[in-house]
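To start, the structure itself, in structure tokens.
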Amino acid sequence: MRHFSELSDLGPAGLVAMLDASDKHLRDRSSNCARPLARKNIALVFEKASTRTRLSLEVAVAELGGHPIVIAGATSQLGRGEPIADTARVLGRMVNAITFRTSGHDRLLQMMQFAGVPVLNALTDDSHPMQLLADLMTVRRVSGDLSRLRYAWIGDGNNMANSWIEAAGLLGLELRLACPEGYDPSPRELARARERGARIEVVRRPEAAAEGADVISTDVFSSMGQEAEAEARRRAFLGFCVDEELVARANPTVIVLHCLPAHRGEEISAAVLEGPRSVVWEQAEARLHTAKAALCWALGVDD
Ligand code: CP
Ligand code: NVA
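Sequential numbering of the sequence shown, starting at 13, is according to this note's numbering.
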């Protein structure tokens with residue numbers, strides 16, 4: 013059974029193949045595409061808020077001919093403490109696959125252990141692989157060959173940063189992350205990516221990461237579940253706003269990514285988000301095409 017818990021489940025060649033499949037879904041969208049998920053029910057379980065992930069998965073399943081069932085943690089028994097293992101076994105008897113957005117990564121692993129059907133990671137505190145598929149698809153479409161570009165991550169060493177590190181490891185990318193002290197990404201992810209040959213550096217100054225970059229990515233300073241730390245984080249991340257001054261240090265053809273939602277004036281300025289180097293709307297749309305590719309892969313059906 014194929015679970016998609018992290019990018020490494022795909023391997024380097026599988027990751028590239030999934031980007032190719034995503035491009036195909038983009039091209040095929042206007043034609044009356046095949047319906048490989050016909051007669052399949054897919055549960056989309058969310059224990060955290062979502063706009064893009066929910067929308068892209070729900071539309072993806074529907075356009076591929078399947079039936080999406082959105083289950084919100086708060087209005088299901090999960091929200092009242094029913095164990096993941098029990099929910100997983102019930103879901104697995106009725107649906108063909110599950111996508112799961114949750115807090116602790118261990119909750120995702122429990123879902124995978126007990127569901128008996130493919131489970132896809134729709135974001136945990138540790139990683140956000142489905143977003144990285146969209147990010148890489150966007151970079152490849154706009155800037156070309158992924159391997160010849162220099163990547164910068166500016167901000168929190170969070171789930172998105174960890175998935176960027178994993179992508180860098182799989183594809184051998186050059187990635188510089190600027191994170192304030194105390195907000196570093198996962199040491200395990202860094203070590204794994206370096207073992208795989210990625211050229212990765214963690215620096216303290218955003219300018220050092222932005223210098224000569226072809227791709228700049230950022231994300232919120234406080235992720236979902238960290239609301240109580242918001243004030244302390246705002247202080248710790250002073251100077252980490254991706255603004256025009258910072259972007260000017262990058263390569264003139266740099267593109268700026270943000271997985272969204274964005275906080276203008278905090279991690280990114282309004283001028284950059286809405287400016288000519290920003291590709292955030294293409295990036296958001298790519299969630300749909302990559303979601304289709306990921307679902308087809310996990311279910312073992314042809315794209
Ligand atoms: N980027 C992303 O995952 O957005 P949502 O939280 O809206 O799903
Ligand atoms: N790091 C953010 C990503 C949101 C898509 C969070 O976890 O809230």
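Idealized CB from N, CA, C, for every residue including glycine.
What does a CB cutoff of less than 7 Å around residue i pick up in its chain, not counting 5 residues either side in sequence?
i	result
E201	N174, I177, E178
N108	K52, N53, I54, V129, L311
A72	L300, A303, K304, L307
G26	none
P218	I166, A190, G251, F252, L258
L103	A55, I110, A127
P80	I54, L56, L69, E70, V73, A74
E256	S281, A283, V284
M172	H140, Q143, D231, C271
A205	I177, E178, A180, G181, I212
A84	F58
Identify every residue that forms a DSSP beta bridge with residue i.
i	result
T230	I166, H270
S290	V268
L49	L49 is not bridged to any residue.
V254	I280
Please work out which residues of its chain come closer than 6 Å, Cβ to Cβ, to residue i, disregarding the five sequence neighbours upstream and downstream, and give them in chain order.
i	result
T302	S34, L145, A146, M149
L237	Note that residue 237 is Gly in the sequence shown here, rather than Leu. These residues qualify, in order along the chain: S115.
A164	R188, A221, A222, A225, I228
H117	T136, D138
E213	R188
R64	A296, R299
V313	P48
Q143	C271
G77	R47, L49, A50
Where do the N-terminal and C-terminal ends of the alpha helix (DSSP H) with residue i fall, by residue?
i	result
I280	Element bounds for I280: n/a, residue is neither H nor E.
A55	Here A55 belongs to no alpha helix (DSSP H); instead the beta strand (DSSP E) covers 53 to 58.
N263	Counting along the chain, N263 falls outside any alpha helix (DSSP H), and DSSP gives it neither H nor E.
V313	No alpha helix (DSSP H) contains V313, which DSSP labels as neither H nor E.
T99	96 to 104
A222	218 to 222
L121	117 to 127
E239	First-last for E239: undefined, no H or E at that position.
T65	64 to 75
L206	Inspection of the sequence shows that residue 206 is occupied by Arg rather than by Leu. Residues 199 to 207.
E178	171 to 183
Between which two residues does the beta strand (DSSP E) containing residue i stretch?
i	result
P80	79 to 84
V215	211 to 215
T334	Nothing about residue 334 can be read from this structure; the chain reaches only from 13 to 315.
E186	186 to 190
L19	Run containing L19: none; DSSP gives neither H nor E here.
V151	Not the beta strand (DSSP E): V151 falls in the alpha helix (DSSP H), residues 141 to 155.
V131	131 to 133
Give me the residue from the options with the minimum Cα distance to residue i.
i	options	result
D40	L258, E75, H140, C271	E75
R289	L272, V227, S235, E278	V227
R9	E59, G167, N133	Past the boundaries of the shown model lies residue 9; the chain is included only from 13 to 315, so the question cannot be answered.
W293	P273, E278, E279	P273
P141	V291, D21, G287, E278	D21
S229	L189, R211, M236	L189
K60	G287, R153, L161, N133	N133
E279	Q295, V259, A298, I81	V259
A244	G194, N170, A262, N263	G194
A86	R206, S43, N171, S62	S62
L69	S88, F112, A127, P197	F112
G23	E297, R208, H270	R208
S155	A46, A84, V291, D315	V291
P95	L120, M106, G77	L120
D32	V254, D157, A210	D157
V151	A84, V28, R14	V28
R153	S88, K36, F16, V82	K36
For residue i, which residues in the same chain have their Cβ closer than 8 Å to its Cβ, ignoring the five residues on either side in sequence?
i	result
R276	A282, L285
S159	L183, G184, L185
P192	R216, A248, F249, F252
A97	Q122, Q125, F126
R101	F126, A127, G128
N263	R162, G224, A225, D226
S198	D138, G169, N174, I177
E241	S234
Run the proximity test for residue i: is its beta-carbon closer than 6 Å to any non-hydrogen atom belonging to the ligand GDP?
i	result
T99	Because the ligand GDP does not appear in the structure shown, any question about it cannot be addressed here, the ligands present being the ligand CP and the ligand NVA.
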